[in-house]
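Residue numbers (the working numbering): 969 to 1279.
Step one of this worksheet: look at the structure below.
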């Protein structure tokens, strides 16, 4: 963004905005936030870690989720241009670049006139209701796990290989999973994490808390609740393991039965939706293990042998 020209109200780009308009940006625009504020606009951007932090606070993670829910509507416009007009799917060559802006304006006019408007999902109002309800909700399970260093405890958790009958967990529909995650992004990631989780021996392992000792006092678990712990391998750092904690109330059904959850990843404290690691466990236990045709993505690649030519 050209700082000098955008600050000037005479800039033609400024005619498209009014004071108080909201800019939804990614972290790449962090150096422009002060400029946009000076121009009278409101900026919303996913939060970044501050010095000395290893994880976002619950409120920061929640507010970041409210931002990341929105950008698809903007990003989808680029896809509409490329899908509707072949010329924008490829790099422009020198001769065509002279009239690229004119072509773009013509395409934009046609899209504005004839293309179907982006519409809200059918469950959009329900998702917004969940966001507003949980935005300022504290993650007490996260506080307990961190303060008591539960990640290092082993004796109180029993490792089991999951099948359909040996773990009590609320069964959810796919629509309920979307509402739980406040969108579909984490659901798409969950299948990939699931593939990495089960490929070693074909089983899906979690840990179940086996005792209610004095060491667990202070954890808000009613008598008929279960504390589960899962370990998810990071897809980006080979030596990194994320711990996922989930509390379920066996007296309830559906989404309400999953009362609390926490992961020690960057955004794992959020209570608006959840991170992909939490969703991987919930996706499998509540839905995927009851389905007959769930397979890891690109499973055929496991059987491909790569031969390197040493010459």
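Glycine residues also receive a C-beta, built at the ideal position from the N, C-alpha and C atoms.
Remember, predicted model here, so these are calculated numbers, not experimental data.
Quick check on the DSSP output: the alpha helix (DSSP H) that includes residue i runs from which residue to which?
i            : result
residue 1203 : Looking at the DSSP string, residue 1203 is not in any alpha helix (DSSP H), and its letter there is neither H nor E.
residue 1051 : 1040–1052
residue 1072 : 1068–1082
residue 1189 : Careful: residue 1189 lies outside any alpha helix (DSSP H) and carries neither H nor E.
residue 1034 : 1026–1036
residue 1262 : Per DSSP, residue 1262 belongs to no alpha helix (DSSP H) and is neither H nor E.
residue 1006 : 1001–1006
residue 1160 : 1153–1166
residue 1146 : 1142–1149
residue 1091 : Unbroken run through residue 1091: none, as it is neither H nor E.
residue 1109 : 1108–1115
residue 1252 : 1244–1254
Could you check the C-alpha separation between residue i and residue j for me, to the nearest Å?
i            : j            : result
residue 1182 : residue 1189 : In this prediction, residue 1182 has a pLDDT of 48, which is less than 50 and means its spatial position is unreliable; what the coordinates show is noted afterwards. Distance between the alpha carbons of residue 1182 and residue 1189: 13 Å.
residue 1127 : residue 1106 : 29 Å
residue 1016 : residue 1091 : 29 Å
residue 983  : residue 1012 : 21 Å
residue 1249 : residue 1095 : 21 Å
residue 996  : residue 1098 : 28 Å
residue 979  : residue 1009 : 15 Å
residue 1258 : residue 1133 : 10 Å
residue 976  : residue 1074 : 28 Å
residue 1018 : residue 1006 : 23 Å
residue 1172 : residue 1194 : 18 Å
residue 1118 : residue 1162 : 24 Å
residue 1050 : residue 1166 : 37 Å
residue 1004 : residue 1042 : 18 Å
residue 1115 : residue 1213 : 14 Å
residue 1067 : residue 1204 : 42 Å
State the beta-bridge partners of residue i as determined by DSSP.
i            : result
residue 1012 : 992
residue 1129 : 1173
residue 1228 : 1215
residue 1193 : 1217
Which residues in the same chain as residue i place their Cβ atom closer than 7 Å to its Cβ, once the five residues preceding and following it in sequence are excluded?
i            : result
residue 1233 : 1210, 1243 and 1245
residue 1186 : 1112
residue 1237 : 1023, 1024, 1025, 1026, 1029, 1107, 1110 and 1230
residue 1158 : 1244, 1247, 1248 and 1251
residue 1146 : 1091, 1152 and 1155
The beta strand (DSSP E) with residue i in it runs from where to where?
i            : result
residue 1211 : 1209–1217
For residue i, which residues of its own chain have a beta-carbon under 8 Å away from its beta-carbon, when the five flanking residues on both sides are left out?
i            : result
residue 1083 : 1048 and 1052
residue 1222 : 1138, 1140 and 1144
residue 1192 : 1217, 1218 and 1219
Leaving aside the five residues before and after residue i along the sequence, list all residues of the same chain whose C-beta is less than 6 Å from its C-beta, in chain order.
i            : result
residue 1135 : none
query = With contact counted as at least three CB pairs below 8 Å, one residue from each stretch, are the segment 974–991 and the segment 1197–1205 in contact?
reply = no
**Asked** Does the count of Cβ pairs from the segment 1219–1236 and the segment 1149–1160 closer than 8 Å reach three?
**Response** no
Report yes or no: do the segment 1049–1061 and the segment 1028–1037 share at least 3 C-beta pairs separated by less than 8 Å?
no
Practice problem: Determine, using beta-carbon pairs with one atom in the segment 1248–1259 and one in the segment 1136–1150, whether at least three such pairs fall under 8 Å. | Solution: yes
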